[in-house]
Structures are given as structure tokens and as C-alpha cells.
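**Q** The number in this note's numbering is simply the position in the sequence shown, starting from 1, with 6 added.
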Amino acid sequence: MGKAETVMEQWYEAGLRPDCIVVDPPRKGCEPSLLETILKMSPQRVVYVSCNPATLARDLRILEDGGYRTEAVQPVDMFPQTKHVEAVVRMTLKEQEI
7 MGKAETVMEQ WYEAGLRPDC IVVDPPRKGC EPSLLETILK MSPQRVVYVS
57 CNPATLARDL RILEDGGYRT EAVQPVDMFP QTKHVEAVVR MTLKEQEI
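#1: Throw me the rounded Cβ distance for the residue 30 and residue 55 pair, which I believe falls under 8 Å.
#2: Beta-carbon within less than 7 Å of residue 77's beta-carbon, same chain only, minus the 5 sequence neighbours each way: which residues are those?
#3: Under a three-way DSSP split, which group does residue 69 fall into?
#4: Tell me whether the stretch 61 to 73 and the stretch 32 to 46 touch, counting them as touching only if at least three CB pairs, one residue from each stretch, are closer than 8 Å.
#5: Return the Cβ separation of residue 47 and residue 18 in integer angstroms, given the expectation that the two are a contact with Cβ distance under 8 Å.
#6: Based on DSSP bridge pairs, tell me the residues matched to residue 80.
#7: Exposed or buried, what is residue 88 when buried is set at 16 or more other beta-carbons lying within 10 Å of its beta-carbon?
#8: With DSSP collapsed to three states, give me the class of residue 64.
#9: Restricting to Cα atoms, I'd like to know which of 45, 42, 82, 72 is closest to residue 58.
#10: Flag this pair as yes or no: are the beta carbons of residue 41 and residue 10 separated by less than 7 Å?
This is how it looks when you write it as C-alpha cells:
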């Protein structure tokens, strides 16, 4: 095992093409190289779990610009009585127009 951005690149080079990728990055969001690898792997679905709205918005924009559509966002109050809220986002690969 190792850092997600390193392991995912190794999986991509090995030919692994998952149908769905789930990411739950730290507060700083995903490393740009991880997002690049996700876009290269082109899974049908990406599930993004986030604790930081700013980095979530940044990373979703990159994925949307890369061909994904945000289908659902579900806030989850895992820490009641605090200002912290997790967000779970479901994204799907847009159909390619011919």
C-alpha cells in the first residue's frame, strides 16, 4: 500500500479499470495527480466523501471539467453539535456524444 496517488497510478499502469472509485481525502482535498489518474481510468462512477466544502468544490470542478456529472450530494452530520459536516457526492461519467 501507499499514498492513493501513487497506488492508483500503479493500478492504472497495470491495466486496472474499476467501475467505481471512492475517495475520502484529508481536509486539503485530493492531490492533482490522483484526480488526473481517476480521469484516465474513466470509471463509470466516482463517490467523493469530503469534510471541506472549499476543496470539495475545487476537486468536483476538475472532475466535471474532465467529463463527470454531479448527480447527488448528501450532507452527513457525523459530529452533532459542531460546525463540521461531511458531504458524500455521487458522480457519473457523462455519455460521450458521437
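C-beta atoms are modelled at their ideal positions from N, C-alpha and C, and glycine is treated no differently.
**A** Put simply:
#1: 4 Å
#2: 96, 97, 98
#3: In the displayed model, residue 69 falls within a helix according to three-state DSSP.
#4: yes
#5: 5 Å
#6: Bridge partners of residue 80: 94.
#7: Classification for residue 88: exposed.
#8: Residue 64 falls in the helix class under three-state DSSP.
#9: 82
#10: no
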